[in-house]
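Participant: For the sequence shown, the numbering used here assigns the number 259 to the initial residue and increments by one for each residue that follows. Note that CB positions come from ideal geometry on N, CA and C, so glycine has one too.
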Amino acid sequence: MSTVRIVNVSVCLVVFGFAFAGIVVGVTELRDTALILLPFVLVTSYLSHKRRQLEEGSENE
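(1) Give the DSSP-derived three-state secondary structure of residue 284 in the structure shown.
(2) For residue 283, count neighbouring C-beta atoms within 10 Å of its own C-beta (all shown protein chains included) and say buried if the count is 16 or more, exposed if not.
(3) Can you tell me the Cα-Cα spacing of residue 285 and residue 267, whole angstroms?
(4) Among 270, 261, 264, whose alpha-carbon lies nearest the alpha-carbon of residue 301?
(5) If you draw a straight line from the alpha carbon of residue 280 to that of residue 290, how long is it in whole angstroms?
As structure tokens, then:
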């Protein structure tokens, strides 16, 4: 597993943790912020994965 993937997974876990903590503790601002950030984190992770795949594909040609 590459370092970038480990960082992406770690960031996703932190955001999920904030959302869970916000739900459990009842801090709606924390929960809402985490739920707003989550799609951005997931899209960024997906796009960086696709970019790496394209770069590896162009190196093989």
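Facilitator: According to the structure shown:
(1) Start at 1 with the first residue of the sequence shown, and residue 284 comes out as number 26. In this structure, residue 284 counts as coil in the three-state DSSP scheme.
(2) Locating residue 283 in the sequence shown gives position 25, counting from the first residue. Result: exposed.
(3) In the sequence shown, residue 285 corresponds to position 27, counting from 1. In the sequence shown, residue 267 corresponds to position 9, counting from 1. One C-alpha to the other measures close to 24 Å.
(4) Taking the sequence shown and counting its residues from 1, the one referred to as residue 301 is at position 43. Taking only the C-alpha atoms, the option nearest residue 301 is 270.
(5) To locate residue 280, count along the sequence shown from 1; it is residue 22. To locate residue 290, count along the sequence shown from 1; it is residue 32. Cα to Cα, residue 280 sits roughly 8 Å from residue 290.
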